[in-house]
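When we follow the UniProt record's numbering, the leftmost residue of the sequence shown carries the number 1, and every step to the right adds one.
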Amino acid sequence: MQKLKRREEQVVTVFGGSGFVGRYVVALLARDGWRIRVAVRDPQKAAFLKACGDVGQVVPLAVDVSDPASVARIVQDSSVVINLIGILLEQGKQRFDLLQARVPGTVAAAAQKAGARTLIQMSAIGADLNSPSRYGRSKAEGEVAARAAFPSAVIIRPSIVFGPEDDFFNRFARMAQVSPFLPLVGGGNTWFQPVYVGDVAEAIRKIVLHPDKYSGEIYELGGPRVMTFRECLELLLREVRLNRLLVGLPFWLARVMSVFMTVLPNPPLTLDQLKMLEKDNVVSDQAKHLEDLGVKPVDPHLILSDYLSRYRDGGRKN
Numbered sequence: 001m002q003k004l005k006r007r008e009e010q011v012v013t014v015f016g017g018s019g020f021v022g023r024y025v026v027a028l029l030a031r032d033g034w035r036i037r038v039a040v041r042d043p044q045k046a047a048f049l050k051a052c053g054d055v056g057q058v059v060p061l062a063v064d065v066s067d068p069a070s071v072a073r074i075v076q077d078s079s080v081v082i083n084l085i086g087i088l089l090e091q092g093k094q095r096f097d098l099l100q101a102r103v104p105g106t107v108a109a110a111a112q113k114a115g116a117r118t119l120i121q122m123s124a125i126g127a128d129l130n131s132p133s134r135y136g137r138s139k140a141e142g143e144v145a146a147r148a149a150f151p152s153a154v155i156i157r158p159s160i161v162f163g164p165e166d167d168f169f170n171r172f173a174r175m176a177q178v179s180p181f182l183p184l185v186g187g188g189n190t191w192f193q194p195v196y197v198g199d200v201a202e203a204i205r206k207i208v209l210h211p212d213k214y215s216g217e218i219y220e221l222g223g224p225r226v227m228t229f230r231e232c233l234e235l236l237l238r239e240v241r242l243n244r245l246l247v248g249l250p251f252w253l254a255r256v257m258s259v260f261m262t263v264l265p266n267p268p269l270t271l272d273q274l275k276m277l278e279k280d281n282v283v284s285d286q287a288k289h290l291e292d293l294g295v296k297p298v299d300p301h302l303i304l305s306d307y308l309s310r311y312r313d314g315g316r317k318n
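Next comes the structure, spelled out in structure tokens:
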């Protein structure tokens, strides 16, 4: 019988480990003593992750995710493979079809061939093969591809993820600093269940620590509060201590505006994102969730004030 390797001798490969969620995952796993390969496009930009562990414990490596051979080299001898790659906006070669529909299957096939015992695929609430949104369809296609190559893969589907580096509360906080109003797309009636990035990372850590317990499961990750889009912005304005009008923006008008915004290098709203906004983004009643992974979700009120305080007049002092 083969002797089980000690944790510090086992390799965890994290695709997209330098991203918003990835950096928290890498930090937790490094603290637990795993050897970590961070598969990224640009290892130099991911060099900051080396500080998460001892010398040589966290190693950023270049990978071409469109090339199965490159992916296979990265996952060689890995005990755990985690795929966190995802985009909210298509730009250049960064396409939903490649990164969210095809790459999960490539990573899963490589992990299976390498003999990894655990594969974790990050998807999203709203993943649906019949979604009107290409984002939602590509996430669902990625789940199917991952499961086809690695049947025991664990799928996690977060709602909107918030934290110091998020692109949701930070985006609207920056907007509030320069605009007298904030737009409520669709009247602000879409429901969200914001989940703290640290809780998402802890959920992944639990799966890595107990692979047999969670094998083959699907988890939808949401925080303790279900909030409308309007309530999210009202909370934000309280935290940044700014008075701004919340102006309803009907979906039909937002669609027209999104067409003109496509010419911008980083459009604040796309037609595909609008299609996602037309559907609530909350954990379903039948789904397994954070508590099933032994994680008690943090209330947004306890986190937001810490990192949104920089948007107040006078900054963190006030």
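Every residue, glycine too, gets a C-beta built ideally from N, C-alpha and C.
6 Å Cβ shell around residue i - same chain, five flanking residues per side excluded
| i | result |
| --- | --- |
| valine 40 | Ser18, Ala46 and Pro60 |
| methionine 227 | Phe192 |
| methionine 122 | Leu84 and Ile156 |
| alanine 27 | Cys52 |
Burial state of residue i (16 or more Cβ within 10 Å)
| i | result |
| --- | --- |
| aspartate 306 | exposed |
| arginine 157 | buried |
| alanine 69 | exposed |
| proline 297 | buried |
| valine 240 | buried |
| aspartate 54 | exposed |
| alanine 62 | exposed |
| arginine 37 | buried |
| leucine 236 | buried |
| threonine 190 | buried |
| proline 148 | The displayed chain sequence assigns alanine, not proline, to residue 148. Looking at its Cβ environment, which holds fewer than 16 other Cβ atoms inside 10 Å, alanine 148 is exposed. |
| threonine 106 | buried |
Spatial distance of residue i from residue j (CA atoms)
| i | j | result |
| --- | --- | --- |
| glutamine 76 | alanine 111 | 8 Å |
| histidine 289 | leucine 245 | 35 Å |
| isoleucine 120 | leucine 209 | 12 Å |
| serine 152 | arginine 137 | 21 Å |
| isoleucine 204 | valine 25 | 7 Å |
| glutamate 141 | leucine 129 | 7 Å |
| leucine 184 | glycine 248 | 5 Å |
| lysine 213 | isoleucine 207 | 8 Å |
| glycine 222 | alanine 109 | 29 Å |
| glycine 92 | serine 284 | 34 Å |
| leucine 269 | serine 131 | 18 Å |
| aspartate 313 | aspartate 167 | 21 Å |
| alanine 30 | arginine 23 | 11 Å |
Of the residues the options, the one placed nearest residue i, counting alpha carbons only
| i | options | result |
| --- | --- | --- |
| arginine 171 | Cys232, Thr13, Asp64 and Asp272 | Cys232 |
| proline 194 | Asn281, Thr118, Val144 and Phe181 | Asn281 |
| isoleucine 82 | Asn189, Glu234, Glu165 and Phe15 | Phe15 |
| tyrosine 135 | Ala108, Ala148 and Arg102 | Arg102 |
| methionine 175 | Gly223, Phe20, Val25 and Leu308 | Leu308 |
| proline 164 | Pro268, Tyr196 and Gln286 | Tyr196 |
| arginine 230 | Leu182, Leu89 and Gly216 | Leu182 |
| lysine 50 | Gln44, Pro43 and Val58 | Val58 |
| glutamine 286 | Glu234, Leu242, Glu217 and Phe169 | Glu217 |
| isoleucine 160 | Tyr311, Glu90, Phe20 and Asp313 | Phe20 |
| proline 104 | Phe168, Ser133 and Val71 | Val71 |
| serine 215 | Leu293, Pro300 and Asp32 | Leu293 |
| isoleucine 125 | Leu89, Arg73, Leu277 and Arg310 | Leu277 |
| glutamate 220 | Asp42, Glu291 and Pro211 | Glu291 |
Close beta carbons around residue i, own chain, < 8 Å, minus the five adjacent residues each side
| i | result |
| --- | --- |
| serine 79 | Lys5, Gln10, Val11, Val12, Ala116, Arg117 and Thr118 |
| glutamine 100 | Ile85, Gly86, Ile87, Tyr135, Ser138, Lys139, Glu141 and Gly142 |
| valine 295 | Asp199, Glu202, Ala203 and Lys206 |
| alanine 114 | Ala72, Val75, Gln76, Asp77, Ser78 and Val81 |
Neighbourhood of residue i by C-beta, 7 Å cutoff - its chain only, sequence neighbours within 5 removed
| i | result |
| --- | --- |
| leucine 98 | Ser66 |
| phenylalanine 150 | Ala108, Ala111, Gln112 and Leu119 |
Paired residues, beta bridge with residue i - DSSP
| i | result |
| --- | --- |
| glutamate 220 | Arg157 |
| arginine 37 | Thr13 and Val59 |
| valine 274 | According to the sequence provided, residue 274 is leucine. The question's valine does not apply to it. BP columns for leucine 274 are empty, so no partner. |
| phenylalanine 162 | Tyr196 |
| asparagine 281 | Phe192 |
| glutamine 121 | Asn83 and Ile155 |
Residue-level contact to chain B via CB, residue i, 9 Å cutoff
| i | result |
| --- | --- |
| alanine 108 | Absent from the structure is chain B; it holds one protein chain and no more. |
heavy atom of the ligand HEM below 8 Å from residue i C-beta
| i | result |
| --- | --- |
| aspartate 272 | Annotation note on the ligand HEM: not contained in the displayed structure, which lists no ligands. |
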